[in-house]
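Q: Each residue of the sequence shown is one higher than the one before, starting from 1 at the first, in UniProt numbering. The structure follows.
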Amino acid sequence: TAATQPSTNWHLKENAREHHTSKFSGDELVVRRGQAFTVTFNGTEQPEQNLIFIAETGPKPSKATKTLATFGISSTASTEGWSAVLQTTSSNSVSISISSPHNAVIGRYRLSVQSTASGSPSTATLGTFVLLFNPWSSGDDVYLPNKAECEEYVLEEFGIIFAGNKNHISAFGWNFGQFQGDILDICLSIMDRSLYHRQDPVTDVSHRHDPKYLGRVLSAMVNANDDQGVVLGNWSGTYEGGKNPTSWTGSGEILQSWKKSGFKPVRYGQCWVFAAVLTTVLRCLGIPTRTITNFSSAHDADGNLRVDEFYDAEGNHLERGADSIWNFHVWNESWFTRNDLGPSYSGWQVLDATPQEESGGIYQCGPASRNAIKEGEVDLEYDCPFVFAEVNADCMYWNYDSATGKKTLILSKSTEIGESISTKAVGRDDRVDVTRDYKYEEGSKKERDIFKKARKKLGLEDKFDPTAPTQEEIEQKPDISGKFKVAGSLEVGKDLNLLLVLVNLQSHAKTVDVKMTAWSTLYTRKPVREIWKDSLSVTLSPKEEKQFPIKIKYDEYQQQLTTDKTIQVTALCHVEDGIQVLVQRNIALDNPAIEIQVLGEAKVNKEVDVEVVFTNPIDADVTDCVLQVEGSDLLTGILEFRIPPLKASKKSSTKFKLIPSEAGPKHLLVNFSCDKFADIKTFKMVNVTN
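Set out below in structure tokens:
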């Protein structure tokens with residue numbers, strides 16, 4: 001028989017403080033596993049010794065799948081299973097301290113109490129609570145001993161993502177917002193919509209104690225491929241019917257849109273969007289997670305640890321073959337133990353939600369142990385060969401003749417891929433370089449040995465590869481060398497000034513025919529539109545160095561530029577009686593600046609004025625100006641302002657009010673767009689006091 005519904009006091013404030021869950025905004029109890037929480041209820045009229053508690057989760061709770069626990073009152077908390085310890089009793093209410101095991105399944109639980117007082121057992125529901133991973137608890141698979149790192153990688157709602165290219169690293173802010181509104185509920189529904197859950201909900205829920213499993217499942221669910229997941233990727237350069245990937249400034253809007261549309265994939269994302277959304281979801285669930293940017297990142301589609309790029313005789317970069325080298329690629333690292341591989345592979349694990357290659361038949365990637373990548377242990381689960389190639393592949397540049405189908409090696413490089421691997425510092429808005437955690441020093445004997453070890457494990461050493469260049473081709477030496485130097489600033493709205501520097505390495509004169517092109521590209525180096533081409537013929541005296549200035553005017557590139565603001569400049573040098581020399585440079589242009597000023601002191605629940613100022617740097621009007629502002633704990637949702645057109649060199653000032661809801665260092669993110677400039681972003685730290 002069902003008893004009358006008891007009233008339950010979940011001690012939300014006290015429990016949340018103990019469990020590092022105070023930032024969640026709902027009125028449901030959220031606690032972490034392996035740690036006690038207190039609950040008080042009334043309406044039981046019998047000795048406490050007769051009470052039995054039931055905690056259950058998932059569609060078909062059972063003891064066998066560890067999704068159902070029944071436990072009575074004991075004198076001390078159990079270290080093994082669930083337990084309840086009596087705190088206090090009064091005539092009509094009971095306070096209990098409930099503990100869950102370190103390896104409990106995470107998710108939403110129903111808690112009920114059974115009493116056998118009057119001879120017939122009756123069950124009363126106490127309500128629901130959400131159980132999360134616990135990086136503060138030493139028994140948990142996600143235990144992170146450093147408290148400052150727990151603060152950053154679980155509790156911090158602001159992040160910095162690095163982009164641009166290896167010569168010119170840029171950074172933009174991101175609002176992860178994992179504690180805002182109903183994000184926790186959305187994260188729980190992401191788990192329930194995965195292919196794994198749809199195929200076998202009972203088994204899926206029973207695996208949710210394991211960060212390895214959830215990391216892999218969620219890497220699949222954040223992209224829309226296979227499973228109607230959260231974000232639809234688009235690398236075409238045209239983004240009709242959705243938002244340009246560069247325009248997002250936080251995960252909240254994306255996750256909310258996904259839910260509001262009835263779980264239809266949100267259009268559109270590129271790598272940093274997938275990585276940022278996965279960071280939000282994993283931090284929300286309590287798995288320490290960060291974004292990682294790899295510069296000159298290889299996408300090795302055929303698994304031979306080699307990426308091939310093709311150029312025609314005019315120096316145009318051809319889209320041939322599935323391999324590519326991205327200016328940068330963003331993925332995630334999450335922190336947990338690898339009891340499947342052994343302690344030396346625990347720690348940071350690579351997860352990648354960008355849909356690049358299938359793994360196990362679906363677009364998911366990881367967890368790949370970062371230590372395994374560094375040591376070339378590419379046979380270890382999951383997806384180590386792909387990640388190893390992203391940071392280590394050799395590059396081959398070929399000349400391709402479409403008439404004959406003949407390809408000729410121009411040059412090969414083994415030190416090109418995987419540079420300046422970057423993440424945000426703990427507790428500071430700075431960049432930290434983690435390249436050494438992925439590989440030994442580039443060009444060192446140790447690094448080459450590891451590369452050979454990986455090739456051997458993948459069976460590449462013993463197998464003849466008809467597409468590979470001969471040793472002879474690899475070892476041929478060019479007669480000249482060349483490089484592009486940047487002269488002047490790299491800013492959208494200004495002319496682009498470069499120098500092509502050619503050096504004759506021989507002690508006799510050389511005649512060189514140079515074919516030059518400049519293309520606007522995506523950050524993946526996919527060529528989109530031709531901007532400029534030119535050619536020159538030059539004779540270099542013995543050992544001579546010559547410089548050729550190149551100017552690409554703003555009005556030449558303005559119409560062709562993509563919102564990634566990247567240009568690839570190529571010079572293919574046909575040397576008399578010598579091998580061809582390829583000179584290329586990827587250029588990432590900066591947007592003009594935008595400024596944020598906080599006018600006055602920011603205090604909790606008090607209005608404070610903010611001003612955003614933009615100066616039009618070009619000799620033309622800018623129109624269709626839109627300013628977007630967001631920031632967790634500073635405002636709810638996103639503010640959007642339409643701004644009147646701006647004449648040449650004129651300033652626009654936009655003022656608005658914030659009412660901060662929580663003290664501490666908070667970040668305000670702004671994004672300004674107009675017809676001539678896409679997504680000018682900046683952020684400002686606002687110190688909110690009580």
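We treat Cβ as the ideally placed atom computed from N, Cα and C, and that holds for glycine. In this text the structure is predicted, and so the values were computed from the model without any measurement.
1. Would you call the region 228 to 246 in contact with the region 512 to 532, where contact means no fewer than 3 C-beta pairs closer than 8 Å?
2. Does the separation of the CB atoms of residue 509 and residue 542 fall below 8 Å?
3. Would you call the region 311 to 329 in contact with the region 363 to 381, where contact means no fewer than 3 C-beta pairs closer than 8 Å?
4. Suppose the cutoff is 8 Å on Cβ atoms and the five residues either side in sequence are ignored; what does the same chain contact list for residue 482 look like?
5. What residues match up with residue 527 in a beta bridge as DSSP calls it?
6. Flag this pair as touching only if the region 153 to 168 and the region 316 to 331 have three or more C-beta atom pairs under 8 Å; answer yes or no.
7. Helix, strand or coil for residue 215 per DSSP?
8. Have a look at residue 378 and residue 177 and give me their C-alpha separation to the nearest angstrom.
9. Which class does residue 284 belong to by DSSP, given the choice of helix, strand or coil?
10. So, is residue 67 buried or exposed, given that buried needs 16 or more other C-beta atoms within 10 angstroms?
11. Taking the DSSP output, what are the residues bridged to residue 585?
12. For the alpha helix (DSSP H) containing residue 197, list its first residue and its last residue.
13. Whether or not the region 224 to 235 and the region 648 to 657 are in contact is what I'm after, with contact meaning three or more pairs of Cβ atoms, one per stretch, closer than 8 Å; do they touch?
14. So, helix, strand or coil for residue 206, using DSSP?
15. On the CB-based measure, 16 or more other CB atoms within 10 Å of its CB, does residue 559 come out buried or exposed?
16. Quick one: grab the DSSP three-state call for residue 324.
17. Might you give, ordered along the chain, the residues of its own chain that have their beta carbon closer than 7 Å to the beta carbon of residue 1, omitting 5 neighbours on each side?
18. In terms of alpha-carbon separation, which member of 107, 52 and 87 lies closest to residue 116?
19. I need the straight-line Cα distance from residue 390 to residue 644, nearest angstrom please.
20. Could you tell me if residue 597 is buried or exposed, where buried requires 16 or more neighbouring beta carbons within 10 angstroms of its beta carbon?
21. Which word fits residue 690, buried or exposed, when buried means at least 16 other C-beta atoms lie within 10 angstroms of its C-beta?
22. At 4 residues or longer, what runs of the alpha helix (DSSP H) sit wholly inside the region 231 to 314?
23. In terms of residues, what are the limits of the alpha helix (DSSP H) holding residue 184?
24. With DSSP run on the structure shown, which of helix, strand or coil describes residue 28?
25. Alpha carbon to alpha carbon, how far is residue 607 from residue 677? Give it in angstroms, no decimals.
26. Under 8 Å: do the region 387 to 407 and the region 302 to 310 share three or more Cβ pairs, one atom per stretch?
27. Between the C-alpha atoms of residue 276 and residue 253, what's the straight-line distance to the nearest angstrom?
28. Look up residue 458 in the DSSP assignment and say whether it is helix, strand or coil.
29. Is it right to say residue 221 is buried, meaning 16 or more other beta carbons lie within 10 angstroms of its own, or is it exposed?
30. Spell out a yes or no on whether the region 415 to 435 and the region 134 to 152 are touching, meaning 3 or more CB-CB pairs, one atom from each, closer than 8 Å.
31. If we count the other Cβ atoms within 10 Å of its Cβ and call it buried at 16 or more, is residue 380 buried or exposed?
32. Is residue 321 near the ligand ATP, with its Cβ less than 7 Å from a heavy atom?
33. Which residues in the same chain as residue 16 place their Cβ atom closer than 6 Å to its Cβ, once the five residues preceding and following it in sequence are excluded?
34. What does DSSP give as the partner residue(s) for residue 431 in the beta ladder?
35. Beta-carbon within less than 7 Å of residue 270's beta-carbon, same chain only, minus the 5 sequence neighbours each way: which residues are those?
36. Taking the alpha-carbon of residue 595 as reference, which of 614, 685 and 480 has the nearest alpha-carbon?
A: This is what the structure holds:
1. Yes, the region 228 to 246 touches the region 512 to 532.
2. yes
3. Contact between the region 311 to 329 and the region 363 to 381 is absent, because fewer than three Cβ pairs lie under 8 Å.
4. 500, 501, 502, 503, 571, 573, 581 and 583
5. For residue 527, which the question treats as bridged, DSSP gives the partners 521.
6. yes
7. helix
8. 35 Å
9. helix
10. Result: buried.
11. Here residue 585 is bridged, per DSSP, to 569.
12. Segment 195 to 199, the alpha helix (DSSP H) holding residue 197.
13. no
14. helix
15. exposed
16. strand
17. Only weak support exists for where residue 1 lies, its pLDDT of 45 falling under 50; the coordinates are left without a value.
18. Looking from the CA of residue 116, the closest CA among 107, 52 and 87 belongs to 52.
19. 45 Å
20. exposed
21. exposed
22. 251 to 260 and 271 to 285
23. 183 to 192 is the span of the alpha helix (DSSP H), which, as asked, contains residue 184.
24. coil
25. 31 Å
26. yes
27. 12 Å
28. coil
29. buried
30. Yes: the two stretches touch, three or more of their Cβ pairs being nearer than 8 Å.
31. Buried, since its Cβ has 16 or more Cβ neighbours within 10 Å.
32. For the ligand ATP, the structure offers nothing, since it holds no ligand at all.
33. 22
34. The partner list for residue 431 (beta bridge, DSSP) reads 424.
35. 233, 235 and 245
36. 614
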